[in-house]
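Quick note on the numbering used here: the sequence shown kicks off at 144 and runs consecutively.
Using N, Cα and C, we set each Cβ at its ideal position, and we do this for glycine too.
Below is one structure, written out as structure tokens; the observations come after it.
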Amino acid sequence: MTDLFTPYELKGLTLKNRIVMPPMCQYAVDQEDGIPNNWHFVHYVSRAVGGTGFIIVEMTGIHPDGRITSRDTGLWDDSQIAAYRKITESVHENGAKIAIQLGHAGRKAVDAQPPVAPSAIPFDARSQTPQALSAEAVEALIADFREAARRAVEAGFDSVELHGAHGYLIHQFHSRLTNTREDEYGRDPALFGVRVTEAVREVLPAEMPLLMRISAKEYIEGGYDEAYALDICRRYKEAGVDMFHVSSGGEGPIGSNGGPHAGPAYQVQLAEYIRSGLQIPVIAVGRLESYEDAQSIVAGEQAELVAVGRGMLSDPYWALHAEEALGGVAVVPKPYERGVWQRK
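Below you can see the structure in the form of structure tokens.
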């Protein structure tokens, strides 16, 4: 039986288990240079030591004004590469693989002056009205995504994930709530994401998988549903996406946490819907702190990988503790062998 600790392969990426640490912003950059520091190093490497198979670094800005805040990481300049390489090398030394999520916050960039978006529609009454992107500016951002992906390869990442969820720029283009343009990018809401995907694919090695985070549903009147998301994802798959990381929300009053009525595994059916509809591997995410829930999702073939966000914030060794609880740990880091780990 396939379980949480069965290895997984996707193109040239081989993972020791099915456990993913999803991207979670740390808001911990010291200055406005976007360069990860010692906090980021310890944060990511400790999860590799803790047994996680696949780590995805937090949303990293492809442009200084594309970050959610000025305390976020970026990869818009070659001078930033070395700090990421230090992280990837240590993660690899500790047995995990690592990707980076590239994104642009669009109208949700709180420190940008001004923020930019497909259309001049503010996120809410407290937000700045964004500047609508010109056709030339759209082309420049596509090039920024390409260059950031090139830097990610040079930094030693095993994969790249594009952030097309949670109300950020790619999502803003493919949502009718936020894209009222009259040009080709308005007539074809998937076009921006498609061209970003194609541009990034150009600079990735052929064997390197390309992931995309997607909101499969919007929790707001007039928002899109799963069927609409499936059509958008089909376009992205055709453009070169190899795996979808399926979330939801991000527009309107309910954010990506699903709101007060969201329970454990509340998004798994969305992941399964995209998986079965496109015959493509997916990462399931959303309140999956329970070891048993994570195990059952993989065993039930609802998703290939399971992302554990908040659970891994509270427990860097979530993967080792899950393996212990579900049958015993096969490999314990040698310095920790005197700990409480129950071996198989």
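Relative to the Cα of R378, the nearest Cα in the group Y409, P332, E364, V449 belongs to P332. Note on K477: under 16 other CB atoms within 10 angstroms of its CB, so exposed under the neighbour-count rule.
Taking the C-beta atoms as reference points, M164 is found no nearer than 8 Å to T145. The shortest CA-to-CA distance from G307 to any of A414, A298, H317, G299 is the one to H317. I426 has its alpha-carbon roughly 29 Å from the corresponding atom of S213. Distances from the alpha-carbon of I285 to those of E394, L463, P352, H206 put H206 closest.
Cβ neighbours of R319 within its own chain (closer than 8 Å, five residues either side excluded): P332, G365, Y367. Between R356 and the set H314, L334, A370, R293, the nearest pair of CA atoms involves H314.
Around the C-beta of V474, fewer than 16 other C-beta atoms lie within 10 Å, and the residue is accordingly described as exposed. Remark: fewer than three beta-carbon pairs, one from each stretch, lie closer than 8 Å, so the region 335-350 and the region 410-421 are not flagged as touching. Between H309 and G392, the alpha-carbon positions lie close to 6 Å from each other. Rounded to the nearest whole angstrom, the C-alpha separation of N160 and V172 is 30 Å.
Counted as a single uninterrupted DSSP element, the alpha helix (DSSP H) harbouring G454 occupies residues 453-457. Taking all protein chains in view, the Cβ of E467 is crowded by 16 or more other Cβ atoms within 10 Å, so the residue is classified as buried. The alpha-carbon of A382 is positioned some 16 Å away from that of A292. The DSSP assignment places complete alpha helix (DSSP H) segments of no fewer than 4 residues inside the region 155-241 at 181-192, 224-236, in order along the chain.
By the CB criterion at 8 Å, E290 and Q244 fall outside the cutoff. DSSP places L347 in the coil class of the three-state scheme, outside both helix and strand.
Taking a cut-off of 8 Å on C-beta distances, the region 214-232 touches the region 295-305, as three or more cross pairs fall below it. In this structure, the CA atom of H235 is about 15 Å from the CA atom of I162. Assignment of G246 by DSSP, reduced to helix, strand and coil, places it in the strand class. With 16 or more neighbouring CB atoms inside 10 Å of its own CB, A260 falls in the buried class.
The secondary-structure analysis by DSSP pairs Q274 across a beta bridge with V259. In the three-state reduction of the DSSP assignment, E466 falls in the helix class, which pools H, G and I. For A283 against T272, the beta-carbon gap comes to about 21 Å, at or over 8 Å, which does not count as contact. Spatial neighbours of D254 in its own chain (CB-CB distance under 6 Å, excluding positions within 5 residues in sequence) are listed in chain order as T212, S213.
With a cut-off of 8 Å on Cβ pairs, the region 177-185 is not in contact with the region 334-348, counting fewer than three such pairs.
E435 carries a helical assignment under DSSP once its states are collapsed to helix, strand and coil.
From the listed residues V188, Q412, C376, L218, the smallest Cα separation to V303 is found for L218.
Counting the other CB atoms within 10 Å of its CB gives T231 a total of 16 or more, which places it among the buried residues. As DSSP reads the structure, L448 sits in a beta bridge with I426.
Between the alpha carbons of R324 and A342 lies a distance of about 22 Å.
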